[in-house]
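Undergrad:
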Amino acid sequence: MATVDDERELCFDVVAVLPAGGSGVRMNLQLPKQFCHIMDRPLLSYTLEAFENVPWIKEIVVPMNEKYLEVAQQILNEFCHSKVRFISGGSTRHRSIWKGIEALTADGRSPPTVVILHDAVRPFVDEQTLRHVTIAAKKHGAAGVIRPLSSTVVARSCDGFLDHSLDRSKFRSSEMPQAFKYEVIHKAYKQCTEYDFEHGTECLHLAQMYAEKSAALIDGPDSLWKVTYRKDLYSVEGVLREKQVHTVVVIGTGFPKFIEKLREQFHKREVVVAYLPHIQPEQDLSPTMAEQLASEINSKLMASTDCVSVVYVAQSTQSDEKASSETCSTANIKQFLREICQRFNSCMVKRVRVVNVSFSNSRKDFNTLKMATEDLKSCIHQEGISCFGVFVSPIFNNRPEDNDAVSRQIEKATELTIGAMMDVPSVFSGQTFDTNT
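What follows is the structure, encoded as structure tokens:
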């Protein structure tokens, strides 16, 4: 295995080519797998973000099927990808890569020093691995990541029986990313035959065969797996949720048992939560507080999967004879959210959810909350914020015999609130949930 100095500063141009021409045949999907949404975001966007977060990568070129370029452009705009250029790909993987390499010098662009190749459906690539292969490629001309084989490789005879097996300890699985000096990969693809373009799979072999460069092989982490089958999409979501940090802001401190229960449930779910200071709605919904909160949230949101929930807790002890519109009022919170959103970019705003939790003894307040939640949605939906209502009733009158019933209501309210914060698809924004149903 080759060794690299990962502390060395990269003082040369590096670009990435990410072929994204897969058709999704093995998943039996209408759209190719790179466009499948996971936690409200396309798989492709996660991979692009991983590369955009590496400051020394100058540009990311993505060759893909021409009929999906419009969809890809929408992803670029919606998720604020700034270093990405989509181009029409070829009919095979190698043809797409070659088009990507040719695009690097299109319109008078200067060729980079190193080109990184990676699959658009391998979202969990890290900067250290990219740095390793880049430095090795600069030194040796070509480099690629390898992993131990997880299964024994066997050869089958013509009549369908075992012919022989390979010694697994002597072989490795070739993975992505791979990196090449520009002149090496350009020379290799320029000399490719039609057979290579149609049936070839290994870029390192092309560099060895046509550019006389034997690639340095570097052990990589086990997170570099490729999304190939439908079940892999669920694995991606699981990994993303493990990495997710949930920032929670609570407005209203009048029901501490409920807030305490929220913390317990997050702990049970093993969700990483960053709690910001609780806010008194009658005092702190000011532009100054909004600016302070936005600054704290910005400092905590490190990845695209991180999200923010604003839990607005209102309480009324009115009798069932009289509905309390003050319980569910959203006038103050609407203005407060606008103040916060003005300090976010459009991509960050999409990660904000508001849950308006109303505790009341009056069943008539349910419709008031429902209308207030719909009103809130109509005001903040354009910014991309999702909002939900949770109605908790009755909350009784603090009599000893009410304790068990109150505990059950709080338990249900907690489940509904966390569901609205984390599980309910954003397409259902504006819905109000009732602890009695």
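Following my numbering, the numbering of the sequence shown begins with 1 at its first residue and continues without gaps. Backbone N, C-alpha and C fix where the C-beta goes; we use that ideal spot for every residue, glycine too.
Suppose you measure from the CA of lysine 226 to the CA of glutamine 178; what does that come to, to the nearest Å?
TA: In the sequence shown, residue 226 corresponds to position 226, counting from 1. In the sequence shown, residue 178 corresponds to position 178, counting from 1. The straight-line gap from Cα to Cα measures roughly 14 Å.
Undergrad: How would you call tyrosine 234, buried or exposed, if buried means at least 16 neighbouring beta carbons within 10 angstroms?
TA: Against the sequence shown, residue 234 aligns to sequence position 234. When all chains shown are included, tyrosine 234 counts as exposed.
Undergrad: For threonine 152, does the count of other Cβ atoms within 10 angstroms reach 16, so buried, or fall short, so exposed?
TA: Taking the sequence shown and counting its residues from 1, one reaches residue 152 at position 152. Exposed, by the Cβ-count rule.
Undergrad: Using a Cβ-Cβ cutoff of less than 6 Å, which residues in the same chain neighbour alanine 420 once the five nearest sequence positions on both sides are dropped?
TA: Locating residue 420 in the sequence shown gives position 420, counting from the first residue. Counting only Cβ-Cβ distances below 6 Å, and skipping sequence neighbours, we find Val355, Phe388.
Undergrad: Taking the alpha helix (DSSP H) that tyrosine 46 falls in, what are its first and last residues?
TA: Numbered from its first residue, the sequence shown carries residue 46 at position 46. Element bounds for tyrosine 46: 43–52.
Undergrad: CA-CA distance, leucine 18 and serine 286?
TA: Reading the sequence shown from its first residue, position 18 is the one you call residue 18. Reading the sequence shown from its first residue, position 286 is the one you call residue 286. Their Cα atoms are separated by approximately 45 Å.
Undergrad: Identify which residue in Ser426, His37, Ser82, Leu416 has its Cα closest to the Cα of phenylalanine 265.
TA: Within the sequence shown, numbered from 1, the residue matching residue 265 stands at position 265. Sequence check: residue 265 is glutamine here, not phenylalanine. Residue nearest to glutamine 265 within the set Ser426, His37, Ser82, Leu416 is Leu416 (criterion: CA-CA distance).
Undergrad: As an exercise, report each continuous alpha helix (DSSP H) stretch of at least 4 residues that is fully enclosed by the region 217–298, in chain order.
TA: 230–243, 256–268, 281–284
Undergrad: On a CA-only basis, which of Arg353, Glu52, Pro111, Lys334 is nearest valine 184? Give me that one, please.
TA: Translated into positions along the sequence shown, residue 184 becomes position 184. The shortest Cα separation from valine 184 among Arg353, Glu52, Pro111, Lys334 belongs to Pro111.
Undergrad: Identify which residue in Gln409, Met176, Asn77 has its Cα closest to the Cα of alanine 120.
TA: Along the sequence shown, one-based indexing puts residue 120 at 120. With distances taken between Cα atoms, alanine 120 lies closest to Met176.
Undergrad: Determine which residues share a DSSP beta bridge with lysine 181 and list them.
TA: One-based indexing of the sequence shown puts residue 181 at position 181. Per DSSP, Val114.
Undergrad: Based on the DSSP output, what are the partners of cysteine 307 in its beta bridges?
TA: As a working note, residue 307 is residue 307 in the sequence shown. The partner list for cysteine 307 (beta bridge, DSSP) reads His246.
Undergrad: Taking only the alpha-carbon atoms, compute the straight-line gap between aspartate 219 and arginine 147 and give it to the nearest angstrom.
TA: Residue numbering aside, residue 219 sits at position 219 when the sequence shown is read from its first letter. Residue numbering aside, residue 147 sits at position 147 when the sequence shown is read from its first letter. If you take the alpha carbons of aspartate 219 and arginine 147, they lie about 6 Å apart.
Undergrad: If distances are taken between C-alpha atoms only, which option among Ala215, Val427, Lys187 comes closest to serine 174?
TA: Taking the first residue of the sequence shown as 1, we reach residue 174 at position 174. Nearest option by C-alpha distance: Ala215.
Undergrad: Can you tell which of His199, Ile279, Val273 has the C-alpha that lies nearest to the C-alpha of valine 250?
TA: Along the sequence shown, one-based indexing puts residue 250 at 250. Nearest option by C-alpha distance: Ile279.
Undergrad: With the cut-off set at 9 Å, would you say leucine 204 and cysteine 192 are in Cβ contact?
TA: By one-based count along the sequence shown, residue 204 stands at place 204. By one-based count along the sequence shown, residue 192 stands at place 192. Taking 9 Å as the Cβ cut-off, leucine 204 and cysteine 192 do not qualify as a contacting pair.
Undergrad: Could you pull out every residue in the same chain whose Cβ sits closer than 6 Å to the Cβ of threonine 247, ignoring the five residues on either side in sequence?
TA: One-based indexing of the sequence shown puts residue 247 at position 247. So the list reads Ala274, Ile297, Lys300, Val308, once near-sequence residues are dropped.
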